[in-house]
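Engineer: Quick note, the sequences are listed as chains H and U, same order. In terms of this note's numbering, the first sequence is residues 66 to 305. In terms of this note's numbering, the second sequence is residues 11 to 227. Idealized CB from N, CA, C, for every residue including glycine. Here's a structure for you.
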Amino acid sequence: MIEIEKVRKSFGPLEVLKGIDLTVAKGEVLTVIGGSGSGKSTLLTCINGLEPIDSGRILVDGVEVHAKSTNLNKLREKIGIVFQQWNAFPHLTVLENVMLAPRKVLGRAKDEAEAEAVKQLKHVGLGEKLSVYPARLSGGQQQRMAIARALAMGPSYMLFDEVTSALDPMLVGEVLDTLRMLASEGMTMICVTHEMKFAREVSDRVAFFHQGIMAEIAAPEELFGAPKTAELQKFLAATH
Amino acid sequence: MFDTAMTAKDFWMLVQGAGMTLLVTAISVAIGSVLGVIFGIFRFQAGPWWAAPVTFVLDICRSVPLLIQLSLAFAFVTVVLKLRVSGFAVACGVLSLYTAAYCSEIVRGAMEAVPPNTRRAARSLGMSWAQDMRYIAMPLASRVALPSWIGLALGVMKDSALVYVVQVTELMKSTKDLITRLNEPLFLLLLCGVFYFVISFPVARFGAWLEKRWSND
């Protein structure tokens with residue numbers, strides 16, 4: 066379970082999270098929508114401790130992420146994150162990209178890590194690209210590789226930060242299909258996205274962020290069908 | 011000009027000089043590169059403010075002509091500190107610092123060229139700072155640094171001609187000695203140039219080979 070309590074976060078004078086309260090249960094798929102600068106991506110990087118927070122607290126399976134005593138490297142083993150820019154390791158092959166962290170962080174043996182990596186890469190449809198370097202892959206393929214890389218760590222939670230925003234429209238579908246597959250397998254996911262159709266389809270709940278505040282959160286039918294706040298009505302009108 | 015009075019023994023003297031050039035260069039580049047990597051990463055990590063003292067000292071090594079550094083260092087060590095140190099050791103010490111100064115600049119630039127998001131991705135997979143450094147940042151930075159580093163190594167090889175001021179007889183000094191004796195400057199300088207080429211060329215080719223090997227596409 067991920068518990069977010071009264072989290073505030075500023076970049077200099079700009080407050081990007083103004084007191085967020087949110088709980089994500091095991092097995093839930095939560096999508097987060099909202100305009101740019103609404104704080105939704107920042108929230109994801111706070112959840113796995115890449116960004117410090119100013120006040121409040123975030124608990125992952127009861128462990129406080131920003132407590133001094135928390136071993137962040139250990140905690141990150143169970144929180145996978147995939148970014149808008151897929152961030153492949155360009156000097157490693159696809160297989161090596163996926164194997165590296167399980168080997169070095171989890172201390173897996175080579176065969177074991179390789180078998181797991183091959184399984185994950187096949188799962189996202191890259192079984193034919195194992196020995197290829199990332200530069201030879203399309204954006205969609207690189208993004209699927211990044212997903213397999215995160216999954217190979219065996220995470221309990223997956224965070225997706227606008228994973229289709231930097232992709233060619235032609236390639237968005239294949240990445241969303243991968244996310245749908247994960248959702249149907251019961252992975253706990255938080256997806257920050259601009260794909261409204263996708264959000265409507267896969268989510269258990271959808272949260273709407275506006276200027277650092279979680280303005281609305283509800284089941285997709287309710288949120289998209291009967292938006293309560295003027296901001297969400299305006300946002301939905303603009304994105305449709 | 012090719013009608014020479016040079017003997018096999020004289021030629022051997024040039025070979026020994028070239029050997030000394032290679033030795034001084036190899037030692038200086040090896041020590042200088044290790045120091046350069048340490049200083050470079052420190053400067054990258056600490057930021058310009060905290061790294062200022064290190065940067066200042068390295069700037070001195072880069073700005074003062076090598077000839078002056080060698081003469082002053084030798085005088086300082088032997089006369090002021092009264093240490094019984096060979097010219098060879100002083101030459102290696104000064105050239106190492108000189109190499110380190112340039113190398114740290116190359117390393118710092120290369121580290122800055124590693125995309126922060128790639129490193130963020132490594133950290134988000136649970137890798138520690140050291141693991142990110144070892145498996146992601148340094149391999150990527152070394153690809154950026156390689157061409158400049160090869161250039162630096164070749165530069166140091168030629169700059170090592172100046173160590174004659176601390177009584178180290180390397181290739182250039184051997185050539186000058188022969189010129190004084192045989193009075194055949196053009197032939198001997200040509201031969202000396204060929205020697206420099208022969209010891210530099212493999213390094214340049216090795217660099218090009220490595221660069222090709224490291225291009226992962």
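Note down the Cα distance separating H/Phe225 from H/Met254, rounded to an integer number of angstroms.
Structural biologist: One-based indexing of the first sequence puts residue 225 of chain H at position 160. One-based indexing of the first sequence puts residue 254 of chain H at position 189. Whole-angstrom Cα-Cα distance: 8 angstroms.
Engineer: Quick one: what's H/Lys74 bridged to in DSSP?
Structural biologist: The sequence position of residue 74 of chain H within the first sequence is 9, counting from 1. DSSP lists H/Leu82 as partners of H/Lys74.
Engineer: Excluding sequence positions up to five away, which residues of its chain have a Cβ less than 6 angstroms from the Cβ of H/Leu87?
Structural biologist: For the purposes of this step, residue 87 of chain H is identified with residue 22 of the first sequence, where counting begins at 1. Cβ within range, chain order: Ile69.
Engineer: Against chain U, with Cβ distances strictly below 9 angstroms, would H/Ala132 count as a contact?
Structural biologist: In the first sequence, the residue the question calls residue 132 of chain H occupies position 67. No, no contact with chain U.
Engineer: Keeping to the same chain, check which residues put their C-beta closer than 6 angstroms to that of U/Tyr174; ignore five residues upstream and five downstream.
Structural biologist: Here residue 174 of chain U corresponds to residue number 164 of the second sequence, with the count starting at 1. Within the same chain, U/Tyr174 has close Cβ partners Lys183.
Engineer: Spell out whether any CB of chain H is found under 9 angstroms from the CB atom of U/Ile146.
Structural biologist: Within the second sequence, residue 146 of chain U is the residue found at index 136, counting from 1. It does: the Cβ of U/Ile146 has a partner Cβ on chain H nearer than 9 angstroms.
Engineer: Give me the residue from H/Val170, H/Glu161, H/Tyr198 and H/Val197 with the minimum Cα distance to H/Ala180.
Structural biologist: As a first step, residue 180 of chain H must be located in the first sequence, where it is residue number 115. Ranking the options by Cα distance to H/Ala180, first place goes to H/Glu161.
Engineer: Note down, in chain order, all residues in the stretch 145 to 172 of chain U with a beta-carbon under 9 angstroms from any beta-carbon belonging to chain H.
Structural biologist: Under the 9 angstroms Cβ criterion, the stretch 145 to 172 of chain U contributes Tyr145, Ile146, Pro149, Leu150 and Arg153.
Engineer: Is any beta-carbon of chain H found at less than 9 angstroms from that of U/Ala131?
Structural biologist: Counted from its first residue, the second sequence places residue 131 of chain U at position 121. Chain H, which has a Cβ nearer than 9 angstroms to the Cβ of U/Ala131, makes this yes.
Engineer: From U/Val166 to U/Pro157, what does the alpha carbon distance come to, in whole angstroms?
Structural biologist: The residue you call residue 166 of chain U lines up with position 156 of the second sequence. The residue you call residue 157 of chain U lines up with position 147 of the second sequence. Rounded to whole angstroms, U/Val166 to U/Pro157 spans 14 angstroms at the Cα level.
Engineer: Taking Cβ-Cβ distances shorter than 7 angstroms, what residues in chain U pair up with H/Leu165?
Structural biologist: The residue you call residue 165 of chain H lines up with position 100 of the first sequence. Near H/Leu165 (Cβ distances below 7 angstroms), the residues of chain U are Tyr145.
Engineer: On the DSSP letters alone, give me the boundaries of the alpha helix (DSSP H) that U/Phe197 sits inside.
Structural biologist: What you label residue 197 of chain U is simply residue 187 of the second sequence in a count that begins at 1. Pro195 to Trp224 is the span of the alpha helix (DSSP H), which, as asked, contains U/Phe197.
Engineer: Under a three-way DSSP split, which group does U/Val8 fall into?
Structural biologist: Since the first residue shown for chain U is 11 and the last is 227, residue 8 of chain U is missing from the structure and cannot be characterised.
Engineer: For the alpha helix (DSSP H) containing U/Glu180, name the first residue and the last one.
Structural biologist: Here residue 180 of chain U is taken as the residue at index 170 of the second sequence, counted from 1. Taken as a continuous stretch (DSSP letters only), U/Glu180 belongs to no alpha helix (DSSP H), as it is neither H nor E.
Engineer: Taking the Cβ atom as the reference point for each residue, do H/Ala280 and H/Phe274 lie within a distance shorter than 9 angstroms?
Structural biologist: Along the first sequence, one-based indexing puts residue 280 of chain H at 215. Along the first sequence, one-based indexing puts residue 274 of chain H at 209. It is a contact, given that the beta carbons lie within the stated cut-off.
Engineer: Following the continuous beta strand (DSSP E) through H/Met235, name the residue where it begins and the one where it ends.
Structural biologist: For this step, residue 235 of chain H is matched to residue 170 along the first sequence. Element bounds for H/Met235: not the beta strand (DSSP E) but the alpha helix (DSSP H), Pro234 to Ser249.
Engineer: Determine the extent of the beta strand (DSSP E) in which H/His275 is found, giving its start and end residues.
Structural biologist: On the first sequence, residue 275 of chain H is found 210 positions in, with the first residue counted as 1. Counting along the chain, the beta strand (DSSP E) containing H/His275 begins and ends at Arg270 to His275.
Engineer: Within the stretch 157 to 201 of chain H, note down every full alpha helix (DSSP H) run reaching 4 residues or more, in order along the chain.
Structural biologist: If we require 4 residues or more, the alpha helix (DSSP H) runs fully inside the stretch 157 to 201 of chain H come out as 159 to 169 and 175 to 188.
Engineer: By the 10 Å Cβ neighbour count, where 16 or more other Cβ atoms means buried, how is H/Phe289 classified, buried or exposed?
Structural biologist: For the purposes of this step, residue 289 of chain H is taken as the residue at position 224 of the first sequence. Its Cβ being crowded by 16 or more others within 10 Å, H/Phe289 is buried.
Engineer: For H/Ala200, collect the residues of the same chain with a Cβ closer than 8 angstroms to its Cβ; drop the 5 residues on either side in sequence, then sort them by chain order.
Structural biologist: By 1-based counting over the first sequence, the position of residue 200 of chain H is 135. So the list reads Pro155, once near-sequence residues are dropped.
Engineer: Whole-angstrom Cβ separation of H/Thr96 and H/Ala264, contact assumed at under 8 angstroms?
Structural biologist: By 1-based counting over the first sequence, the position of residue 96 of chain H is 31. By 1-based counting over the first sequence, the position of residue 264 of chain H is 199. Sure, about 4 angstroms apart at Cβ, within 8 angstroms.
Engineer: Which residues of chain H have a Cβ atom closer than 9 angstroms to the Cβ of U/Met137, listed in chain order?
Structural biologist: For the purposes of this step, residue 137 of chain U is taken as residue 127 along the second sequence, with counting starting at 1. What U/Met137 touches in chain H: Asn138, Arg141, Leu165, Ala166, Lys169 and Val170.
Engineer: Between which two residues does the beta strand (DSSP E) holding H/Val125 run?
Structural biologist: If you number the first sequence from 1, residue 125 of chain H lands on position 60. That run of the beta strand (DSSP E) goes Ser120 to Val125.
Engineer: So H/Glu281 is in the beta strand (DSSP E); what residue range does that whole segment cover?
Structural biologist: Mapped onto the first sequence, residue 281 of chain H falls at position 216. From DSSP, the beta strand (DSSP E) with H/Glu281 extends over Ile278 to Ala283.
Engineer: Between the stretch 187 to 200 of chain U and the stretch 48 to 61 of chain U, can you find at least three pairs of beta-carbon atoms closer than 8 angstroms?
Structural biologist: With the cut-off at 8 angstroms, the stretch 48 to 61 of chain U and the stretch 187 to 200 of chain U do not touch.
Engineer: Taking only the alpha-carbon atoms, compute the straight-line gap between U/Arg72 and U/Ala83 and give it to the nearest angstrom.
Structural biologist: Within the second sequence, the letter at position 62 stands for residue 72 of chain U. Within the second sequence, the letter at position 73 stands for residue 83 of chain U. Rounded to the nearest angstrom, the two C-alpha atoms are 15 angstroms apart.
Engineer: Taking Cβ positions, are U/Ala110 and U/Leu76 nearer each other than 9 angstroms?
Structural biologist: The count along the second sequence starts at 1 and reaches residue 110 of chain U at position 100. The count along the second sequence starts at 1 and reaches residue 76 of chain U at position 66. Taking 9 angstroms as the Cβ cut-off, U/Ala110 and U/Leu76 do not qualify as a contacting pair.
Engineer: So does H/Met218 have its beta carbon nearer than 8 angstroms to some heavy atom of the ligand PLP?
Structural biologist: Among the components of this structure there are no ligands whatsoever, and the ligand PLP is therefore not found.
Engineer: With a CB to CB cut of under 6 angstroms and the five nearest residues on each side skipped, what residues in its chain are close to H/Gln298?
Structural biologist: Within the first sequence, residue 298 of chain H is the residue found at index 233, counting from 1. The residues are Pro292.
Engineer: How big is the Cα-Cα spacing for H/Glu227 and U/Cys113?
Structural biologist: On the first sequence, position 162 is the one that residue 227 of chain H refers to. On the second sequence, position 103 is the one that residue 113 of chain U refers to. Rounded to the nearest angstrom, the two C-alpha atoms are 39 angstroms apart.
Engineer: Using C-beta distances below 7 angstroms, list every residue in its chain close to H/Ser230, excluding the 5 sequence neighbours before and after it, in chain order.
Structural biologist: Taking the first residue of the first sequence as position 1, residue 230 of chain H is located at position 165. Counting only Cβ-Cβ distances below 7 angstroms, and skipping sequence neighbours, we find Gln149 and His259.
Engineer: Have a look at the DSSP bridge pairing and note the partners of H/Cys256.
Structural biologist: Residue 256 of chain H sits at position 191 when you count from the first residue of the first sequence. Paired residues: H/Thr96 and H/Phe225.
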